[in-house]
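Here's the structure, in structure tokens; my notes come after.
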Amino acid sequence: MEFRYATNPEDMKQYTTDKLRDEFLIESLFVEGELKMVYSHYDRVVVGGVIPTQQEIKLDAGDALRTEYFLERREIGIVNIGPAGKVVVDGEEFTLNKRDCLYIGLGKENVTFHSEDPSNPAKLYFVSANAHKEYPTKVLPIKDAEPTRLGSDAESNNRTIYKYIHADGLQSSQLMMGMTLLEPNNMWNTMPAHVHDRRAEVYLYFDMEEESRVFHFMGRPDETRHMLVKNEQAILSPPWSIHSGVGTNNYTFIWAMAGENYTFKDMDFVPMEDLK
């Protein structure tokens, strides 16, 4: 488990490119046969990835959380971004095809990851947050998720949003999770930009070509910075930061949030003339 600490926005003004990437970019989450995790002190979220091959892989943080088991005081959302896989939760199996989401609630003790075909393994991405109440463990297949279509070709942001874990979907204690798909020839996401100072956010960019990149913009609206992000890399976005990007091609990203407000109504939109 790698640990990342919270950053003061005033300090970030002095960051070099390398320092910015060290603090906010998660470069390697998916390694065959391994469980990779990053613990962020922003809202105590844990971001992880796992590619199970011949052997099952258990959701286990060792003694990093100082709890008896991973979900003793946590909940988790899992999205498969690869071939078919399954997650076994206290003996109950849940199959996940590509872009399906599984929510697991507080108190589930034994969670293991598996691939349907170890030679063509699943690629399971997850975000976990602290929880105060148990909610049912459920799967939401992508085919059953309600799409919301936004943007336009003229604005280069024609996109479809799928909300997985939220007040009107898979119920949770505080975790929110969904996915945004940009149509071909559309490259911008989350512009005009916004902030929500009561909750942090995590982006995972994926379904990108090897040579494609996303220019991810972050920072306070009046003093932005950018990072170049490759396929299957994640960004930690502080509550005070915008989180927006433009790609060299279209792409897909999973967004996840945890914090004070369990709502989509707390976003403070930033007028274009205020961005710098």
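At position 68 of the sequence shown the residue is numbered 68 (full-length UniProt numbering), and the sequence of numbers has no breaks. Even for Gly, the Cβ is constructed at its ideal location relative to N, Cα and C.
Query                                                                                                                                                               : Result
Check the C-beta distance from Ile26 over to Val46 and give it rounded, since I have them as a contact under 8 Å.                                                   : So it is not a contact: roughly 11 Å between Cβ atoms.
Using the three-state DSSP reduction, which class does Asp268 fall into: helix, strand or coil?                                                                     : strand
Strictly by DSSP, which residues pair up with Thr180?                                                                                                               : Ile161 and Phe253
Considering only C-alpha positions, which residue in the set Ile161, Gly178 and Ser152 is nearest to Ile78?                                                         : Gly178
When the Cα of Glu183 is compared with those of Leu170, His132 and Phe253, which residue comes out closest?                                                         : Phe253
Do Gly91 and Ala122 have their C-beta atoms within less than 8 Å of each other?                                                                                     : no
For Ser152, which residues from the same chain have a beta carbon less than 7 Å from its beta carbon, with the 5 sequence-adjacent residues on both sides left out? : Asn158
I believe Asp207 touches Tyr162 by the beta-carbon criterion, under 8 Å. Please report the beta-carbon distance rounded to the nearest angstrom.                    : Not really, about 13 Å apart at Cβ, beyond 8 Å.
Here's a check: name, in chain order, each residue in its chain whose Cβ is nearer than 6 Å to the Cβ of Asn110, leaving out the five neighbours to either side.    : Asp90
Nearest-angstrom Cα distance between His166 and Ala258?                                                                                                             : 11 Å
Flag this pair as touching only if the region 121 to 135 and the region 28 to 48 have three or more C-beta atom pairs under 8 Å; answer yes or no.                  : yes
Can you tell me the Cα-Cα spacing of Glu2 and Tyr39, whole angstroms?                                                                                               : 6 Å
Are the CB atoms of Lys133 and Leu106 nearer to each other than 8 Å?                                                                                                : yes
Which residue or residues does DSSP assign as beta-bridge partners of Tyr125?                                                                                       : Gly49 and Val79
Among Asn231, Arg4, Val195 and Asn249, which has the Cα closest to the Cα of Met187?                                                                                : Asn249
Using a threshold of 8 Å, state whether the C-beta atoms of Phe215 and Leu228 are closer than that.                                                                 : yes
State buried or exposed for Ala145, treating a residue as buried only when at least 16 other CB atoms are found within 10 Å of its CB.                              : buried
Can you have a look at Tyr5 and say buried or exposed, based on whether 16 or more other CB atoms are within 10 angstroms of its CB?                                : exposed
Going by Cα to Cα distance, which pick from Asn120, Gln55, Glu34 and Val87 is closest to Ala61?                                                                     : Glu34
Under a three-way DSSP split, which group does Phe30 fall into?                                                                                                     : coil
Any idea what DSSP makes of Met227, helix, strand or coil?                                                                                                          : strand
Quickly, what does DSSP pair Gly107 with across the bridge? List them, please.                                                                                      : For Gly107, which the question treats as bridged, DSSP gives no partner whatsoever.
Between the Cα of Ile235 and those of Glu223, Tyr205, Phe264 and Thr160, spot the shortest distance and give me the residue it belongs to.                          : Tyr205
Between the alpha carbons of Glu209 and Gly169, how many angstroms are there, rounded?                                                                              : 31 Å
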